[in-house]
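So the structure is just underneath, and the comments pick up after that.
Right under this line is the structure:
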């Protein structure tokens, strides 16, 4: 397979077929949602946490352990309503992001298959096909990400046990050195497990991308798709690794260039946000910070959408060649 020609072909398809652009904007909406969640958290911190810090007298700072375990700070940081709300929002946001990204990828795959087979489809039709693929994609994710979830659960359990043990020792007025040693040991074990999540996540994301294309282009039940994907990867391992490296490098360079835009925008939004914590400023500073954050999220969504579409199209074209399914025509397309 000529990988260079494949990447050029993916670029031509991405540029010529504007249907793909609209589908790519679906994941871009998550940037706006993330900005809104960040604004909510900033408002909460300004209202609940900042008064605790602003009231400290630099000339009479308390000892670190006295300040950390003070009733005022503990009540603010471990507020039950805040923690439940934050965990609920994070859970709903995570599920929502996952479904939106999966639906967008399924729709882009459907459009790419239609283009290759000489039957381009509309945005509405691609979304309808993507919804039909969604159930199989979710099942593939459940299988592929099972090792990742096991590691994540283990890291969370170790962290929870560490926090619980530290709280019990604190109630028993254990020495500060013992508290720090307990927390350090437990958090070190949790961090070690968390570090394993990075390579497992990297491999899982790449495998599930190919498994998605197998079930969409080749067909068959989920178990058969996963087995056939593994066989296809083994038979074309060198080309798979080369394409992984090239697309990962492209995404890395793209994100590096985007950071040249996002960092100044982030700093421009951060300055009025920090100033808004001051009691001497009015609502105009907060409004300016919120407006800049939302504008930055909208501005960054468009190029991220094009990159998402291009990478998805490239993987679809590549897998169709590896699996020998470019001439196949799904009845759903």
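In our numbering, the protein residues as written are 591 to 923.
The beta carbon of each residue, even a glycine, is placed where N, CA and C say it ideally should be.
Residue i vs residue j beta-carbon contact at 7 Å
i, j, result
"residue 600", "residue 903", "yes"
"residue 745", "residue 780", "yes"
"residue 741", "residue 782", "no"
"residue 908", "residue 596", "yes"
"residue 700", "residue 720", "yes"
"residue 999", "residue 610", "Residue 999 lies beyond the residue range present for the chain, which begins at 591 and ends at 923; the question has no answer from this structure."
"residue 735", "residue 692", "no"
"residue 717", "residue 697", "yes"
"residue 932", "residue 737", "An answer regarding residue 932 cannot be provided, because it is not within the stretch 591 to 923 covered by the chain."
"residue 593", "residue 840", "no"
"residue 901", "residue 827", "no"
"residue 575", "residue 897", "Because the chain here runs from 591 to 923, residue 575 falls outside it and cannot be looked at."
Beta-carbon separation (whole angstroms), residue i vs residue j, contact threshold 8 Å
i, j, result
"residue 713", "residue 613", "7 Å"
"residue 801", "residue 723", "12 Å between Cβ atoms; not a contact."
"residue 852", "residue 890", "6 Å"
"residue 618", "residue 821", "No, residue 618 and residue 821 are not in contact; Cβ-Cβ is about 35 Å, not under 8 Å."
"residue 753", "residue 816", "Contact doesn't hold; Cβ gap of about 37 Å is too wide."
"residue 702", "residue 906", "4 Å"
"residue 808", "residue 818", "6 Å"
"residue 751", "residue 774", "So it is not a contact: roughly 14 Å between Cβ atoms."
"residue 911", "residue 591", "5 Å"
"residue 731", "residue 798", "6 Å"
Under the three-state DSSP convention, the category residue i falls into
i, result
"residue 913", "coil"
"residue 721", "helix"
"residue 824", "helix"
"residue 592", "coil"
"residue 709", "coil"
"residue 607", "coil"
"residue 789", "helix"
"residue 735", "coil"
"residue 751", "helix"
"residue 810", "coil"
"residue 649", "Confidence at residue 649 is low in this model, with a pLDDT of 49, below 50, so the placement of that residue should be treated as unreliable; the coordinate-derived value is given next. If DSSP states are grouped into helix, strand and coil, residue 649 belongs with the helices."
Distance cut-off 6 Å: residue i Cβ against heavy atoms of the ligand NAD
i, result
"residue 901", "By its list of ligands, the structure shown contains no ligand whatsoever, and the ligand NAD lies outside what it can speak to."
Below-7 Å beta-carbon distance, residue i vs any chain B residue
i, result
"residue 851", "Among the protein chains of the structure shown there is no chain B, as only one such chain exists."
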